[in-house]
Structure formats: C-alpha cells, structure tokens
Amino acid sequence: MNERDSEIMSQALAMSGYVESMDIEDADLVILNTCSIRAKAEQKVMSLLGMLRKVKKSRKGMQICVAGCVAQQEGERLVEKMPHIDLVVGTQNIYNIGDLLEKARVSPGYIAIGMEDEYAIPRFMPNESEDSSKASAERDVPTTFRKFVTIMQGCNNYCAYCVVPYTRGREVSRKVSDIIDEVKAVVASGVKEITLLGQNVNSYGRTNIVTDNGLPYTFSDLLHAVSKIPGVARLRFTTSNPKDLSDELMKCFKDIPNLCPQFHLPVQAGSDAVLKKMNRKYSVEQYLELVDTLRSYCPDIALSTDIIVGFPGETDEDFQGTMEMLERVRYHGSFSFKYSDRPGTRSSDFEDKVPEDVKTTRLIQFQARQDEISLEQNRKYVGQIKEIMIEAITDEGVKGRTSSNHIVHVNEESTAIPGDFIRVEIYHAGQHSLKGKLIQE
Ligand code: 5AD
Ligand code: SF4
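Each residue of the sequence shown is one higher than the one before, counting from 739 in my numbering.
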C-alpha cells in the first residue's frame, strides 16, 4: 500500500516537473512515506528525521515532507517535535502533493491531514511520458514489470491491535472504470504483472457504489474483468481478511487462468480465544475450511500468512494453537511479528500484556518451524518445470519469479532480459528461493 502511495506521489510530482534524485544530499525535496503498523517502523522515521535535520542545514531551500500513517496520526505533534519539517501529508491527501508543497513554501510546517467520511479516491492517471520511473530507466536502473494498482483504501474492521482504520480512514472502493483504465495504461507501458491492492480486497464494492450504472459489483467481478485486459499476463491481489472470503472469490483460482496460484491469507493467531479478542470474526475451524476449499479449487496454491505472537492474554496453550496452524496449513511462507501496542487501538488498553522476552521466544520458535516447512514445501518444486518472469540480471545470470511467487535464480548465461518469460527446471530449493536451469526449446 505504502509502496504504491510513494509511487503515486512520485508520479504526481513528475507531472509537475520534479525529477527523481538518487542522492538525499542532492535533493531539493525529501518525502518520508511512513508506516505506523508497529512501533519499530515508527521509530525508524524519527531517527531518519533527526538525520535529515543535519542534511537540511547544509542544503538551502530543501523541503522535508512526512507522509503516510505516522503523518496522519501525529500531525501537528510532528512539527512541534521536529520544526525542520516543511509539510505533513495525510493518507487521503497524497494526490495533491504538488499544491501542498507550494503552500508549505509560503508557510513551512504546513499540515494537511484532513480526512473525509465521504472520501472518493481520485481518478489518477499519470502521464506516462513524465513518469519518474521512466526517468530512472534512462539511467539504467532496472524497471519493474510488476505494478500495484490500488482498488480501495481504508478499513472498517477494527481488529483490536490495528492502527489502520485510524490512519487510513473508512473503507472506500475505487470506481471500476478508473481501475480498468489504470490497468490498461500500466499494461500499455509494458508492465506484465498486476497486483490489485487494498486492506481487505474481499469487501471491494461493499461500502460505496463502484459502477456507472449503480449495479452491485464484487471483487470476483473485478478479478474477471481485469484478467481479461489484453497484456495482463499475471494477476495477483492482496490482502484478504478470511471473514469476508467468499466461495465465488475462491473459485476464481480455478476459473481465471492468469490469476496466479498464490494467496496471502492472514490468520494472525491459531487460538479461538485470541482470535475473538482480536476481533477477527472467524474461528480456527472456519479458517481451515477456507484452506481446504481453496485447495480443492487450486491444488497447487501457495499459501502465506501473517502471524502476531504475544497478543495480550496469549497463553502458552494459545501459542501452541498458532504453532499447530503451521502443521495443519503448511504455509509456503509467513510474516510474523511480536505484538506491538499502537496508540488508539483497543488492545493497547488491555492489561494482560505478554512480557517482551516471552514474545521473543515465541517468535523465534515460530520462525524456526516456518523455515523448516518453507524448505519442505519448496523442495516439492525440485524436478518441476516452471515458467518464470525475469526480474533482474544478476552477477551469475538472471533472477525471476514463478506464478506461485517464488524467486528463482538461474545461474547461467542467457539472453533473457527483465520482463521476459522463460521456462526452467527447478534443481535446488532453499528456504527463501529456488534455483533453476534453462530449458532449451
Ligand atoms: N502489532 C504487531 N503486528 C501487527 N500487525 C498489525 N498491527 C500489529 C500490531 N499492533 C501485523 C498483522 C498484519 C500485518 C500487516 O501487520 O499481522 O496482518
Ligand atoms: Fe487492520 Fe484488521 Fe483492517 Fe487488516 S482487516 S487493516 S488487520 S483492521
């Protein structure tokens, strides 16, 4: 989400004549696009801002802007703490970045964090000839053939630990026609893989009208429509809350050939008591049923998840439930985090916090087992022939990605360049990547 937002700001600025700088010391403008999902991410922003104070002293006229979730939540307080900040831009204001920077030039320390209940995501079509990513291509920086397209913003779910509904506001879905037009434009610029983005894509079209004729429209409808756009070789999406995962959506993995067999389905915990306290609105059994259904539609689907260890009140037994999820689902990979108190969230007021050392022990145990299972899953690919899309030229050869989202290193000479599809035979599996040899055809 943040990555796409950064890109939007950079595309909007490119249209007003800004050119991307490779070096902070040379820049007239530095934008920090921030994340506040866990305390660690927020601490990074503060230390970077401290460093930028010194850079700004030696570069007259430099503007410093803070965007994203920390900006949204801290607003005025940021400028009070760090008076060298010129502009604070909230999550709904990024499309106006150019105008806001002008305002900040006249009144430094300008705050733009207004959030509307009736917010509609603007129709934003970057002028491709001025896109800054093109500018970097001219400087021989590899371009990407994979792009994110935002389909919705905000979240109405209020999971007890999560700051997103406060920093990104109410859930709003983007108009179908805007999404389709953006995908067409992106594909016309050479992109081959599209990832549709939202906090909870499963509820696309539920909170506002997204069609011109006012008829209901679901995320599955959108997947079918986008998959048919010529040039979309690969289609992915993220993220899904299991509570809203419909059969119709799961069936898309069977019916849509270019929908990649990969699904990120955050479970967060493997104990019903913890899931309830988290306000996730599904049980372990319901989640496992979804996994079975998904695998019945698409036996090779590569599943990944998010896990929080040490949520307030999590007992050893609860944690064993989470470990058991690994054995039962056998995820290809997972992102796991120690619970982190976020200001304004419901769980930050819970009193039964888990001590830091217990969280650390649980996280290490979880990650060690996940690594073993990832390796075991990856080994199943050995001997198989896979199509990969090349992402980069490496010192040894090329690096690409399978439709199941596995990185494959091809350590031999080839004429393939980024964006090409080649077929390889997998001969080695590691925990986080595979090795393949070219198939001569
Ligand atoms: N503490 C730890 N992890 C969190 N996440 C969200 N909020 C918190 C928090 N307060 C994790 C969840 C989510 C992922 C993006 O970040 O697992 O799915
Ligand atoms: Fe946060 Fe829950 Fe919304 Fe995901 S679904 S963004 S975890 S509130």
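Idealized CB from N, CA, C, for every residue including glycine.
Alpha carbons only, please: which of 771, 1062, 895 and 1176 is nearest the one belonging to residue 1121?
1176
Compare the beta carbon distance of residue 1101 and residue 1047 with 8 angstroms and say whether it is the shorter of the two.
yes
To test your reading of the DSSP string, which unbroken beta strand (DSSP E) runs of 3 or more residues are found completely within the stretch 896-970?
Along the length of the stretch 896-970, whole beta strand (DSSP E) runs at least 3 residues long occupy 931-935, reported in chain order.
Which of helix, strand or coil does DSSP assign to residue 1076?
Looking at residue 1076 - three-state DSSP - the assignment turns out to be strand.
Mind checking which residues open and close the alpha helix (DSSP H) that includes residue 741?
740-753
How long is the line joining the alpha carbons of residue 1160 and residue 819, rounded to whole angstroms?
52 angstroms
Counting C-beta neighbours from all protein chains within 10 Å, is the total for residue 757 16 or more, i.e. buried, or is it exposed?
exposed
Within 7 angstroms: the Cβ of residue 1075 and any heavy atom of the ligand 5AD?
With a threshold of 7 angstroms, the Cβ atom of residue 1075 counts as near the ligand 5AD, since some heavy atom of the ligand is closer than that.
Taking the DSSP output, what are the residues bridged to residue 829?
DSSP lists no partner for residue 829.
Mind checking which residues open and close the alpha helix (DSSP H) that includes residue 835?
835-844
Counting along the chain, where does the alpha helix (DSSP H) carrying residue 1003 start and finish?
Following the DSSP letters along the chain, one finds residue 1003 in no alpha helix (DSSP H), marked with neither H nor E.
Since residue 848 sits in a beta bridge, which residues does DSSP pair it with?
825
Rounded to the nearest angstrom, what separates residue 869 and residue 1095 at their Cα positions?
Caution is warranted here: a pLDDT of 48 is assigned to residue 869, below 50, making its placement in the model unreliable, and the coordinate value is therefore given only provisionally. The alpha-carbon atoms of residue 869 and residue 1095 are separated by roughly 47 angstroms.
Does the distance from the C-beta atom of residue 883 to that of residue 1156 stay below 8 angstroms?
A contact, by the Cβ cut-off of 8 angstroms.
Could you spell out the range, first to last residue, of the beta strand (DSSP E) harbouring residue 1044?
DSSP places residue 1044 inside the beta strand (DSSP E), whose first and last residues are 1040-1047.
With DSSP run on the structure shown, which of helix, strand or coil describes residue 885?
In the displayed model, residue 885 falls within a strand according to three-state DSSP.
Leaving out the 5 sequence neighbours to the left and right, which residues in its chain are closer than 7 angstroms to residue 828 when beta-carbon positions are compared?
809, 810, 850, 851, 852 and 853
I'd like the list of long-range same chain contacts for residue 950, defined as Cβ closer than 7 angstroms, with 5 residues on each side in sequence excluded.
915
Any heavy atom of the ligand SF4 closer than 7 angstroms to the Cβ of residue 938?
Yes; taking the cut-off as 7 angstroms, the Cβ of residue 938 has a heavy atom of the ligand SF4 nearer than that.
Quick check: what's the CA-CA separation for residue 893 versus residue 904?
9 angstroms
If contact is defined by three or more beta carbon pairs under 8 angstroms, each pair taking one atom from either stretch, is the stretch 929-946 in contact with the stretch 961-977?
yes
Could you name the residues of the same chain whose beta carbon sits closer than 6 angstroms to that of residue 936, not counting the 5 residues immediately before and after it, in chain order?
889 and 890
Can you tell me whether residue 895 sits near the ligand SF4, meaning its C-beta is under 7 angstroms from at least one heavy atom of the ligand?
yes
Could you spell out the range, first to last residue, of the beta strand (DSSP E) harbouring residue 1159?
In the DSSP assignment, residue 1159 falls within the unbroken beta strand (DSSP E) covering 1159-1167.
Considering only C-alpha positions, which residue in the set 946, 986 and 947 is nearest to residue 1183?
Summary: the structure shown does not reach residue 1183, with the chain confined to residues 739 through 1179, and so no result is reported for it.
Can you say whether residue 1060 is buried or exposed, counting buried as having 16 or more other CB atoms within 10 angstroms of its CB?
buried
Could you tell me the alpha carbon to alpha carbon distance between residue 1092 and residue 741, rounded to whole angstroms?
32 angstroms
Could you give the residue range of the alpha helix (DSSP H) that holds residue 771?
Not the alpha helix (DSSP H): residue 771 falls in the beta strand (DSSP E), residues 767-772.
Is any non-hydrogen atom of the ligand SF4 found closer than 7 angstroms to the C-beta of residue 979, if you look at the structure I gave you?
yes
Tell me which residues share the same chain as residue 924 and place their Cβ nearer than 8 angstroms to its Cβ, disregarding the 5 neighbours each side in the sequence.
885, 887 and 932
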